[in-house]
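Novice:
Residue numbers (our numbering), protein chains in the order written: chain A, 77 to 190; chain B, 31 to 147.
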């Protein structure tokens, strides 16, 4: 069984469109994350939710809006997509929000903006 | 704020040879340290972690890492590399976020390992 699953795996769209990426974890974890990995493989935290509450909100354009309907799901909606949004987006989860907790990652969503 | 440096962007080793990937961190308190591996087209997978206690930690797939506080290092090692070890390796440090009590993990820029027959 997949622990952290993201859909879709690939997303190709035009500049200016709005798109969503979904993430679900079946590990019973309290905390979920969104990361952006650029073409140089640099991994940067975007958001983190703990029990549906936003706890980390890095410097991310407000075109990006996360939503956590329950603690097993964390979705990412992106408005007015720009060329610079092209990247791989990873969802992750951890048992708690404590810094000693390892994270479990999904396989990523590769977003390409035309 | 914490930071992580992986000085080697790319390393090539022969199959069967030993491997050491370097990681240096900067953090004011005792760090929580992790090594993750990313195979092509996949997410990151935890190899091992260090919080306290024995400074030599064992992980999955035959990897180990040694925490050296005096050198602010947490280098990853493997005695004999297999072709399937070819991947990107990330060192990471976990610390309290600004919100307090919540983790913020900072990842290094990664080291790409190539294994030649």
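For every residue, glycine included, the Cβ atom is placed at its ideal position computed from N, Cα and C.
1) Alpha carbons only, please: which of 119(B), 120(B), 137(B), 145(B) is nearest the one belonging to residue 31(B)?
2) Which of helix, strand or coil does DSSP assign to residue 171(A)?
3) Please check the pair residue 91(A) and residue 159(A), which I expect to be a contact at CB under 8 Å, by giving their CB distance rounded to whole angstroms.
4) For residue 88(B), which of helix, strand or coil comes out of DSSP?
5) Looking at C-alpha atoms only, which residue of 88(A), 107(A), 138(A) is the closest neighbour of residue 173(A)?
6) Cα separation between residue 104(A) and residue 79(A)?
7) From 146(A), 88(A), 165(A), 144(A), pick the residue whose C-alpha is nearest to that of residue 122(A); which is it?
8) Counting only Cβ pairs nearer than 9 Å, list the residues of chain B close to residue 183(A).
9) Of the residues 127(A), 157(A), 162(A), which one's Cα is nearest the Cα of residue 138(A)?
10) May I ask which residues mark the beginning and end of the beta strand (DSSP E) holding residue 124(B)?
11) Give the DSSP-derived three-state secondary structure of residue 72(B) in the structure shown.
12) Using CA atoms only, rank isn't needed, just tell me which of 111(B), 81(B), 95(B) is closest to residue 125(B).
13) Give every residue of the same chain whose Cβ lies closer than 8 Å to the Cβ of residue 10(B), excluding the five residues on either side of it in the sequence, and list them in chain order.
14) Sorted by chain position, which residues of the same chain lie with C-beta nearer than 7 Å to residue 104(B)'s C-beta, five sequence neighbours on each side aside?
15) Going by DSSP, what residues sit across from residue 163(A) in a beta bridge?
16) The beta strand (DSSP E) with residue 129(A) in it runs from where to where?
17) Please list, in chain order, the chain A residues whose beta carbon lies closer than 8 Å to that of residue 135(B).
18) Tell whether a beta-carbon distance below 8 Å holds between residue 168(A) and residue 86(A).
19) Using beta-carbon positions only, say whether residue 144(A) and residue 125(A) come within less than 8 Å of one another.
20) Consult DSSP for residue 48(B) and reduce its assignment to one of helix, strand or coil.
Specialist: Straight from the coordinates:
1) 137(B)
2) coil
3) 6 Å
4) strand
5) 107(A)
6) 10 Å
7) 165(A)
8) 71, 72, 73
9) 157(A)
10) 117 to 126
11) coil
12) 81(B)
13) Because chain B in this structure spans residues 31 to 147, residue 10(B) falls outside the shown range and cannot be described.
14) 53, 55, 63, 80, 95, 97, 121
15) 187(A)
16) 129 to 133
17) 121, 175, 179
18) no
19) yes
20) coil
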